[in-house]
Amino acid sequence: MSREPGPAPDAVNEAVLETKRLTLSFGNDRDAEMLFPYVHGETGRQVTDFLLWDGPDTVEDIAKFFRLHTTGTFVPHGFHWLLRDRHGELTGARGTPMGSIGMNQRGPQGRCSVGYWLAPPFWKKGIMTEGLTEVLRHGFEQLGVVKFEAEVFVDNGASAALLERIGFKREGTIRRAQQKRGRWVDEHLYGLVQTDLSPP
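Using my numbering, the letters of the sequence shown map in sequence onto residues 1 to 200.
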């Protein structure tokens, strides 16, 4: 019997990816310290207001997440990468983490979800477009993913524009999809198959 498409449930992420400006690799305790201010408390709400996650309470919360995704299997943990400044041209220091991208099993037959965030100082520089395109390419070409899906809060126009620029198609709107900080939010559902993917 042949295995279903997509990453094997017991697979561990060992892939370090590179683009022209970015290295996508795994997080460590030092990265947790550097990224914590961007996703914690009131200052982090520029990012977390548009995520299901409300942000960490401590640096150790992020560090534990990174350690888990360094050794954890695709099911149930998914795969996770940090976006790093490959040459130091974006942040002034090579290897500096700027945000993250994760993918998880969505269902059988090679469907995966994808999520991401980027620290505000690095917005509007094409960084997430570059990094996410590489993760999607890797998923299709190396991991056998058949389709990627993403949900975006309806008031997150920047994220919707990012997905559409990469090639995602809006497939519907889910009303009252999630509760976020005490209020119901609607979500747009996006899907991408390999032939949709725009070149980087």
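Ideal placement from N, C-alpha and C gives every residue a C-beta, glycine not left out.
Comparing alpha-carbon positions, which option in the options lies nearest residue i?
i	options	result
residue 193	157, 72, 150 and 25	150
residue 163	120, 145 and 116	116
residue 32	99, 10, 112 and 154	99
residue 35	181, 77 and 84	84
residue 87	6, 23, 197 and 157	23
residue 148	77, 128 and 190	190
Rounded C-beta distance between residue i and residue j? I'm assuming under 8 Å.
i	j	result
residue 56	residue 40	6 Å
In or out: residue i buried (at least 16 other Cβ within 10 Å) or exposed?
i	result
residue 105	buried
residue 42	exposed
residue 16	exposed
residue 121	exposed
residue 157	exposed
residue 126	exposed
residue 119	buried
residue 134	buried
Near residue i, what residues of its chain come up, given a Cβ to Cβ distance below 7 Å and the 5 sequence neighbours on each side ignored?
i	result
residue 195	none
residue 186	154, 173, 174, 175, 176 and 177
Between the segment 165 to 177 and the segment 42 to 49, do at least 3 Cβ pairs fall closer than 8 Å?
Touching, no, given that fewer than three Cβ pairs across the two stretches are closer than 8 Å.
Cβ contact (3+ pairs, closer than 8 Å) linking the segment 58 to 73 and the segment 83 to 97
no
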